[in-house]
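Scroll down for the structure; my scribbles are underneath it.
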Amino acid sequence: MKLKRRDFIKAAGLTALTISLPASKVIVDSIRREEAKGASLAPEVRWVKTYCGMCGALCGIEVLVNYGRPAGVRPILGHPQPGLCGRSSSLKWLWDSPLRLKKPMKRVGERGEARFVEVDWDTALNEIASKLRSIVEKYGYKAIAITHHDVWSYYMPLFSYLLGTPNVISHVSMCHANGTVARGHVLGAGGPPTIDPDYENASYLLLIGRTLSTASMGVVNRATSNEKLRIVVVDPRMPEVGFGNVEWVPIIPGTDAAFVLSLIHVIIEEGLYDAEFLKRYTNAPFLIKPDESPLTEADIIEGGDTRKYLVWDLKVNGLVDHKAAADPDLLYTGKVKLKDDREIDVKTAFILLKERASKYKPEEAEKITGVDARTIRRIAREFALYRGVADDTWYTAKNGNDYDNVRAILILNTLIGNIDKPGGLCYAESARFPSIITVRTIEGKRYAETVYDARMPEELFGDVGAPRVDRVKYRLTPSTFDAILDAIIKEDPYPIKALFVIGTSPIMRDMNTSKVIEAYKKLDLLVIINILPQEDVDYADYVLPDTIFLERDEIRSTKWTLHASVQVENRVIIPPEGYDVRDALWVMFEIVRRAFPERAVALGWSSEYANYKKYEEEFLHKLNEGIISKLVATWKLDKEAFTRELNEKGYYILKRKEYYVRPYKTALGTPSGKIEIYSLTALANKLDPLPDYSPPPAYTLPKAPNEFYLVNGKGPLTSVHASLMEPMKYVGDRSIWMNPRDAERLGIRDGDLIELEGIDTRAKAVARVKVTNRVREGVLFVYSQMWGRRSKLLPQNHFAREGINPHWFSKDYVVPIVGGGASNSSVRVRKL
Amino acid sequence: MRLAYLWDSTKCIACMACVVSCAGSNYSEIMRFEEPNPMMKWLGGNIRVVIREVGRPELRLVSCFHCDKPPCVLVCPTRASHIDRDTGLVLLDETKCIGCKACIVACPYGARWLHPTTLLPEKCPGPVCIDIIRGGRKPICVSVCPANARDFGDIDDPNSSISIKISKSKSERPLELLGTEPKYFIVKG
Ligand code: SF4
Ligand code: SF4
Ligand code: SF4
Ligand code: SF4
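So the sequence lines, in the order shown, correspond to chains A and C.
With the first letter of the first sequence counted as 1, position 816 gets the number 797 in my numbering; the numbers rise by one all the way through.
With the first letter of the second sequence counted as 1, position 86 gets the number 541 in my numbering; the numbers rise by one all the way through.
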């Protein structure tokens, strides 16, 4: 038998270059080959169903485990939200990456110098605990804050009670906050996955500032399995889907609202809207008084009901409660006599929308958006005639006017009545997943009760009930991290002295990097729990190495599907030898057990769990059992059959999507229970009840020939973790995109270096230009949360140091009341 | 049986799952090299990414296209590069290869690259995929694609999923003018 060269070299392991590879690596391929031939796998080699945690989308994946190492990944077929993407494909590199944080570390140099010594877990946890105690003594529990991303987010409410602080504030202002507030106001919905286009049945999909490929490959899977779907993307840069058979409409940054209002105008003018739908299921026929508030029964009858919204009923030719009206008039204007005999003018919300949209006739909108009037008209007609659906957006922390963009988009869908219907914008079924902690009153006393039945009495709540620093400033915000920075720097509204950064990187994530760093330097205690040396680590007092998702056991609801579904994450593998890492959940309990033992005990922790094995075997078991038993009770399931199927398939569908429910049979979470094209919540919060366009307030608009919009966005590789992995050196794009016409004008060629200077922040950086038609004239584009790494813990020649972090150039603009951030900016360009 | 590949350019979202998985699974022994594929300055894997910028940018994923008239086979002095009788795929018999690199130069698509330690002229299918294919399954790039953009199968069988897709869509083969008769179909609409 001839020995093949490949096998020879592997078997001998003789080249110097392969020495660094552990022996088990060498057998991966041969075992995989056995499996491919249909041979049954050795027990040490198996496919394990789990879900991906490389981004927050949690797609269903299977991991090939080969003698304890991840050796391959594939999507779980049939999963309501199957993977995969370039990020998950690189998890093989992540697990035993030499970059992974391996031991707890303690700062010995100045903040930012990244000089650390390794310490054991006990030392790190004890020291953190004693610092926390003295901070709490001086400033109270509320001086502690946590920021996080999707990793560990389920446990955050528990951490809030554990530490006694309200200030658990996520990444959301830099992601979907503006859109989420808008979804609440118009549709009574929540975060991005709570409503979604029915991609597999849609016929015409408008993606406005939304890229399908950013995350959630289940969405991609559904859209691409739909052979009749036409896609139109509206974006200053061509996102990855643009390579396919889609129409790309390059728009001027920050002008989406004008574009969408123009579509609305055309649809109303040409009578392409669904009048029946608007009359019955929306507040379009509500009569609006000159003071902008809706006319209610209380206005005309003494002791009338303020929740009875009046409309003009064409059937009886009179004012009737909307709920009782037979034929509400959409176009009514007239005079109404109030209970005090005053006469006022009223008109319908629909007329107000019509008037608003008429400011944006296509020819006017063309001047603002740079999209020609004919294209606007055509898209409006196509959208209405094909019964299109406009995606409700995801990443909306862009220009500071995004809240209005999203409201306009939701109203556009509403106009043609394509809501909760096959192929329309649909409400996702809820898995009614149990919260980790809920407050209950038992015999007149309040308790915080965990999903695993531990009870913390009210007197231990600490400052949980205190106002959260972001909600003090931005009443409606889901989460605004910038407020934490203000609380640290200016002690406004009160001081924050300790910050836990868990599984996220504010330096890569948040606007205005220099402000983040300034705040870090002012803290009394900065603890970072992460898996890789993100730049934030350089400023930490303590760095605690976290597990990666393959090393955990969890149950979650499935995101990004219209079905109600849950899925499991299996402890696929254990951490590599020498990587002394711990779950953040264990870490937080162990810190609190040492700092405030009574708090940890009240929440079901015992000192036995200090033993990590006991934690894994007993505490996690108790927790997951708690979740399972609550799901079993809520859905009336057979526990054994449920857990068996969940483990075999990796997911369990609790309820398939039922169409025509909201708003048809079930009232929405809006004040009127209807879709509110005229938002009463906005009105109550002194915001314009109708969407409008205003120029981006977040940055100075570019004017001079060498000034540009700097827009950033995400793609299928976006991840602060994955972007550090070896494959990204080749497939990750670290350039800054410039349109060929701009390049020619400035004498810049593909591959040239340019200097960028922030017009507002004055920050300067050098980047390599890619001259490409994938970006509109006058606009530069970069991928965000990927490049421009500056951690001193990264090797000096690491490729992720190249490129820029767009947040170096963005100000700290936060949308008033709504609380979303804005990460685009404007820059001056100089050829080097 | 003639096995062929299909890539649907109308669906691909450039997610890089195929590109990265191909490298990680077929060539894990070099995945942490500083330069796994110095010849191409690329991943140690069989798929390259090319973006063509004439007017509207176009994406191409380049790998071995399994020509029916393969220049690499024609130039190979030892018949190490050959068309496999069972599958119709262009394969390499490692025991015969003398490392002359003629095939690398001859391939008009730049599909072959030099493995940094074995010095073999690597190409698709890689060692793991060959075995997966011999086991009667679809190779890694096809099984990982989230966008339904890839397929693989027998074009001599009119009922195979790939034959059905080819017959139902407009497709072309890379640089057809060269007369290499690739067994790789790019769906265009
Ligand atoms: S989109 Fe990619 S990275 Fe995100 S969860 Fe899905 S497979 Fe993982
Ligand atoms: S390098 Fe090997 S396979 Fe290629 S032409 Fe030379 S002998 Fe043939
Ligand atoms: S068949 Fe295998 S080797 Fe060929 S491109 Fe696909 S993944 Fe790579
Ligand atoms: S896996 Fe599919 S969608 Fe992703 S790059 Fe490859 S062909 Fe395109």
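Glycine included, C-beta positions come from ideal geometry on N, C-alpha and C.
Beta-carbon gap between residue i and residue j smaller than 8 angstroms
i, j, result
"residue 616 of chain C", "residue 608 of chain C", "yes"
"residue 638 of chain A", "residue 733 of chain A", "no"
"residue 203 of chain A", "residue 181 of chain A", "yes"
"residue 545 of chain A", "residue 617 of chain A", "no"
"residue 497 of chain A", "residue 509 of chain A", "no"
"residue 884 of chain A", "residue 194 of chain A", "Coverage of chain A is limited to positions -18 through 813, which leaves residue 884 of chain A absent and any answer about it impossible."
"residue 766 of chain A", "residue 631 of chain A", "no"
"residue 805 of chain A", "residue 680 of chain A", "yes"
"residue 373 of chain A", "residue 387 of chain A", "yes"
"residue 196 of chain A", "residue 37 of chain A", "yes"
"residue 693 of chain A", "residue 787 of chain A", "yes"
"residue 262 of chain A", "residue 644 of chain A", "yes"
"residue 781 of chain A", "residue 794 of chain A", "no"
"residue 146 of chain A", "residue 445 of chain A", "yes"
"residue 253 of chain A", "residue 281 of chain A", "no"
"residue 816 of chain A", "residue 472 of chain C", "Past the boundaries of the shown model lies residue 816 of chain A; chain A is included only from -18 to 813, so the question cannot be answered."
"residue 514 of chain C", "residue 480 of chain C", "no"
Beta-carbon neighbours of residue i, restricted to chain A and to distances below 7 angstroms
i, result
"residue 654 of chain C", "With chain C covering 456 to 644 only, the question about residue 654 of chain C has no answer from this structure."
Span of the beta strand (DSSP E) around residue i
i, result
"residue 326 of chain A", "324 to 329"
"residue 481 of chain A", "479 to 483"
"residue 746 of chain A", "745 to 752"
"residue 537 of chain C", "536 to 538"
"residue 582 of chain C", "Element bounds for residue 582 of chain C: not the beta strand (DSSP E) but the alpha helix (DSSP H), 582 to 589."
"residue 31 of chain A", "26 to 32"
"residue 214 of chain A", "211 to 215"
Chain-ordered chain A contacts of residue i [CB-CB under 8 angstroms]
i, result
"residue 497 of chain C", "711"
"residue 465 of chain C", "225 and 226"
Buried or exposed (CB count within 10 angstroms, at least 16 for buried), residue i
i, result
"residue 816 of chain A", "No answer is possible for residue 816 of chain A: the residues shown for chain A start at -18 and end at 813."
"residue 515 of chain A", "buried"
"residue 3 of chain A", "With a pLDDT of only 33 at residue 3 of chain A, under 50, the local geometry of the prediction cannot be trusted, and no value is derived from it."
"residue 699 of chain A", "buried"
"residue 246 of chain A", "buried"
"residue 484 of chain C", "buried"
"residue 499 of chain A", "exposed"
"residue 632 of chain C", "exposed"
"residue 814 of chain A", "Given that chain A is displayed from residue -18 to residue 813, the structure contains no residue 814 of chain A and the question cannot be resolved."
"residue 419 of chain A", "exposed"
"residue 541 of chain C", "exposed"
"residue 12 of chain A", "With a pLDDT of 47 at residue 12 of chain A, under the threshold of 50, the modelled position of that residue is not reliable, and no figure is offered here."
Within chain C, partners of residue i - CB distance below 8 angstroms
i, result
"residue 186 of chain A", "Residues of chain C passing the Cβ test: none, with the nearest at roughly 13 angstroms."
7 angstroms Cβ cut-off: residues of chain C touching residue i
i, result
"residue 815 of chain A", "Because chain A is modelled from -18 through 813, residue 815 of chain A falls outside the range shown and cannot be assessed."
Chain A residues whose Cβ lies nearer than 9 angstroms to that of residue i
i, result
"residue 514 of chain C", "221, 224 and 225"
"residue 510 of chain C", "754"
"residue 644 of chain C", "226"
"residue 504 of chain C", "711 and 712"
Residue i - containing alpha helix (DSSP H), residue span
i, result
"residue 120 of chain A", "102 to 120"
"residue 814 of chain A", "Outside the shown range of chain A (-18 to 813) lies residue 814 of chain A, about which nothing can therefore be said."
"residue 845 of chain A", "For residue 845 of chain A there is no data in the structure shown, the boundaries of chain A being -18 and 813."
"residue 392 of chain A", "383 to 396"
- Query: In chain order, what residues of the region 593 to 618 of chain C put their CB closer than 9 angstroms to some CB of chain A?
  - Reply: 595, 598, 599, 600, 601, 602, 603 and 604
- Against chain C: residues of the region 220 to 233 of chain A by CB proximity under 7 angstroms: 221, 222, 224, 225 and 226
- Pull out every residue of the region 745 to 757 of chain A whose Cβ sits closer than 7 angstroms to any Cβ of chain C, in chain order. 753, 754 and 755
- What residues in the region 53 to 67 of chain A have a beta carbon less than 8 angstroms from any beta carbon of chain C? 53, 54, 55, 56, 63, 64, 65, 66 and 67
- Interface residues of the region 70 to 86 of chain A facing chain C [CB-CB below 7 angstroms]: 70, 71, 73 and 74
- Message: Taking beta-carbon pairs under 7 angstroms, can you tell me which members of the region 526 to 540 of chain C lie near chain A?
- Response: So nothing in the stretch comes that close.
- Task: Taking a Cβ distance cut-off of 7 angstroms, strictly less, list which residues of the region 470 to 490 of chain C are near chain A, in chain order.
- Result: 470, 471, 472, 474, 475, 476, 478, 479, 480, 483, 484, 486, 487 and 488
- Where the region 194 to 217 of chain A meets chain C: residues whose CB sits under 7 angstroms from a CB there: 194, 198, 201, 202, 205 and 206
- Message: Closer than 7 angstroms between beta carbons: that is the criterion. Which residues of the region 684 to 708 of chain A meet it against chain C?
- Response: 697, 698, 707 and 708
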